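Colleague: I am attaching a structure below and will ask some questions about it afterwards.
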Amino acid sequence: MKQRPLGKTGFQIAPIIFGGNVFGWTVDEKRSFALLDAWIDAGFNAIDTADMYSAWVDGNKGGESESIIGHWLQAHPSKRDKVLIFTKVGGDFRDEKRKGLKAGYIRLAVEASLQRLSIEAIDLYQSHFPDETVDDEETLSVYQDLIKEGKIRAIGASNYTAPQLDRALKIAAEKNLPAYQTLQPEYNLYDRFGYEGAVADLCLDHTIGVIPYYSLASGFLSGKYRSEADLGQSQRGAGIKKYLNPRGMRILAALDEVSKGQNAKPAEIALAWLLTRPAITAPIASATSIEQMASLKKATEINLTPDEVILLNEASAVLPTD
1 MKQRPLGKTG FQIAPIIFGG NVFGWTVDEK RSFALLDAWI DAGFNAIDTA
51 DMYSAWVDGN KGGESESIIG HWLQAHPSKR DKVLIFTKVG GDFRDEKRKG
101 LKAGYIRLAV EASLQRLSIE AIDLYQSHFP DETVDDEETL SVYQDLIKEG
151 KIRAIGASNY TAPQLDRALK IAAEKNLPAY QTLQPEYNLY DRFGYEGAVA
201 DLCLDHTIGV IPYYSLASGF LSGKYRSEAD LGQSQRGAGI KKYLNPRGMR
251 ILAALDEVSK GQNAKPAEIA LAWLLTRPAI TAPIASATSI EQMASLKKAT
301 EINLTPDEVI LLNEASAVLP TD
């Protein structure tokens with residue numbers, strides 16, 4: 001599988017990153033192991049998670065996803081050299097003491113993540129959400145120390161706006177601190193406009209690798225959800241309802257049309273479209289079955305024609321009537 005450079009990190013990654021938010025949520029440990037084995041066997045080499053996954057599930061405390069990945073690596077230590085581990089800090093554990101980007105908290109959080117993941121160094125450590133109560137210099141300074149100590153290898157940002165990312169990059173340059181080398185925005189064929197424009201331009205200007213999440217709009221772009229009656233198929237149903245509108249239906253119709261021409265599934269086309277976008281290195285996508293895993297691999301092999309890209313772009317444009 002052809003790999004792509006991830007910004008200036010020095011990492012080469014396959015065109016899709018496994019989204020580890022499903023581990024400990026919709027997928028138990030046994031099935032997680034099977035999915036991770038299949039992921040590596042298929043030629044992929046990166047997994048994204050976060051320290052707070054999956055604190056939103058009743059009975060969970062956060063850290064479940066990292067722990068499952070760690071147990072998998074303990075069971076298969078030789079696979080550590082075949083996979084890049086990305087995780088995040090600063091997300092909300094539903095605990096006021098366990099969130100944010102203060103240096104002291106990051107110090108505690110990275111040690112906890114390393115222990116759960118059963119690794120000596122995190123390949124990409126990402127600020128999960130911007131923290132306006134903390135100066136960028138404080139956060140970047142502790143990241144610099146952690147890089148020097150060999151506990152993290154590169155840093156990235158997630159959910160940053162263009163002004164927030166630009167400010168952090170300027171502070172890094174002025175203070176000779178490590179700069180964010182990746183960005184993880186919400187971006188897909190439906191949710192386009194928070195990333196396109198100023199954020200995308202900034203990433204291109206600074207050679208920042210972009211690894212978008214919600215690449216299938218919580219599963220809506222799979223085409224499985226076309227009415228409210230379909231929402232009961234998934235634990236994510238409540239989050240999918242917002243896409244059931246005229247614009248969403250136009251997008252599904254365009255995906256259906258392109259899918260027929262490519263002999264592919266709508267989800268595969270939606271991922272292939274992302275891979276045509278400026279600065280996008282690799283979208284993050286999850287799978288809960290081996291069959292879905294095969295579909296992710298097929299998405300990396302699809303070459304959309306210019307006319308197909310135009311059709312998808314036009315279908316997902318916002319009209320005055322939307």
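FYI, the numbering for the sequence shown is 1 to 322, going by full-length UniProt numbering. For each residue, glycine too, the CB sits at the ideal point set by N, CA and C. Remember, it's a predicted structure, so these values are computed and weren't measured experimentally.
1. For Ile269, report the span of its alpha helix (DSSP H) as first-last.
2. Excluding sequence positions up to five away, which residues of its chain have a Cβ less than 7 angstroms from the Cβ of Phe136?
3. Leu216 and Ser222: beta carbons closer than 7 angstroms?
4. How about Ala14 and Phe33: are their beta carbons less than 7 angstroms apart?
5. In this structure, how does DSSP classify Lys88 when only helix, strand and coil are distinguished?
6. Compute the beta-carbon to beta-carbon distance between Asp51 and Val89, rounded to the nearest angstrom, for a pair I have assumed lies under 8 angstroms.
7. Spell out a yes or no on whether the stretch 264–277 and the stretch 292–299 are touching, meaning 3 or more CB-CB pairs, one atom from each, closer than 8 angstroms.
8. Going by CA-CA distance only, name the one from Leu84, Trp72 and Arg31 that's closest to Ile47.
9. Taking the straight line between their C-alpha atoms, what separation do you get for Gly261 and Gly197?
10. Is the beta carbon of Ser65 closer than 7 angstroms to that of Gly24?
11. Which term fits Gly104, buried or exposed, when burial requires 16 or more other beta carbons within 10 angstroms of its beta carbon?
12. Where does Gln3 sit, in a helix, a strand or coil, going by DSSP?
13. By a C-beta neighbour count over all protein chains shown, 10 Å radius and 16 as the cutoff for buried, is Asp322 buried or exposed?
14. Would the stretch 188–195 and the stretch 206–220 be scored as touching if the rule is three or more Cβ pairs under 8 angstroms?
15. Going by the beta-carbon positions, is the gap between Leu177 and Leu140 smaller than 7 angstroms?
16. Could you give the DSSP three-state label for Ile40: helix, strand or coil?
17. Short check: CB of Ala282 to CB of Leu204, under 7 angstroms?
18. With a 10 Å radius around its C-beta and 16 neighbouring C-beta atoms as the bar for buried, classify Pro320 as buried or exposed.
19. Reducing DSSP to helix, strand and coil, say where Asp123 ends up.
20. Less than 7 angstroms between CB atoms is the rule here; does Ser227 satisfy it with respect to chain C?
21. Is Tyr180 helix, strand or coil when you go by DSSP?
Modeller: If we stick to the structure as given:
1. For the purposes of this step, residue 269 is identified with residue 269 of the sequence shown, where counting begins at 1. Unbroken alpha helix (DSSP H) run through Ile269: Pro266 to Leu274.
2. Numbered from its first residue, the sequence shown carries residue 136 at position 136. With the sequence shown as reference, residue 136 is identified as Asp, and Phe is not the correct amino acid for it. Result list for Asp136: Arg167, Ala168 and Ile171, in chain order.
3. Within the sequence shown, residue 216 is the residue found at index 216, counting from 1. Within the sequence shown, residue 222 is the residue found at index 222, counting from 1. Yes, they are a contact pair.
4. Locating residue 14 in the sequence shown gives position 14, where the first residue counts as 1. Locating residue 33 in the sequence shown gives position 33, where the first residue counts as 1. Against a cut-off of 7 angstroms, the Cβ pair of Phe33 and Ala14 comes out as no contact.
5. As a first step, residue 88 must be located in the sequence shown, where it is residue number 88. Three-state DSSP puts Lys88 in a strand.
6. The residue given as residue 51 occupies position 51 in the sequence shown. The residue given as residue 89 occupies position 89 in the sequence shown. 6 angstroms between Cβ atoms; contact.
7. yes
8. In the sequence shown, counting from the first residue as 1, residue 47 sits at position 47. Cα-wise, what sits closest to Ile47 is Leu84.
9. Numbered from its first residue, the sequence shown carries residue 261 at position 261. Numbered from its first residue, the sequence shown carries residue 197 at position 197. Their Cα atoms are separated by approximately 30 angstroms.
10. Your numbering for residue 24 matches position 24 in the sequence shown. Your numbering for residue 65 matches position 65 in the sequence shown. Against a cut-off of 7 angstroms, the Cβ pair of Ser65 and Gly24 comes out as a contact.
11. Counted from its first residue, the sequence shown places residue 104 at position 104. Looking at its Cβ environment, which holds fewer than 16 other Cβ atoms inside 10 Å, Gly104 is exposed.
12. Looking up residue 3 in the sequence shown gives position 3. Here Gln3 sits in coil by DSSP.
13. Counted from its first residue, the sequence shown places residue 322 at position 322. The residue in question, Asp322, is exposed, as its Cβ has fewer than 16 Cβ neighbours within 10 Å.
14. yes
15. Locating residue 177 in the sequence shown gives position 177, counting from the first residue. Locating residue 140 in the sequence shown gives position 140, counting from the first residue. Against a cut-off of 7 angstroms, the Cβ pair of Leu140 and Leu177 comes out as a contact.
16. The residue given as residue 40 occupies position 40 in the sequence shown. Helix at Ile40.
17. Taking the first residue of the sequence shown as 1, we reach residue 282 at position 282. Taking the first residue of the sequence shown as 1, we reach residue 204 at position 204. No.
18. Position 320 of the sequence shown, counted from the first residue, corresponds to residue 320. The residue in question, Pro320, is exposed, as its Cβ has fewer than 16 Cβ neighbours within 10 Å.
19. As a first step, residue 123 is located in the sequence shown; it is residue number 123 there, counting from the start. Strand.
20. The question asks about chain C, but that chain is absent: this structure has only one protein chain.
21. Translated into the one-based positions of the sequence shown, residue 180 becomes position 180. Three-state DSSP puts Tyr180 in coil, outside helix and strand.
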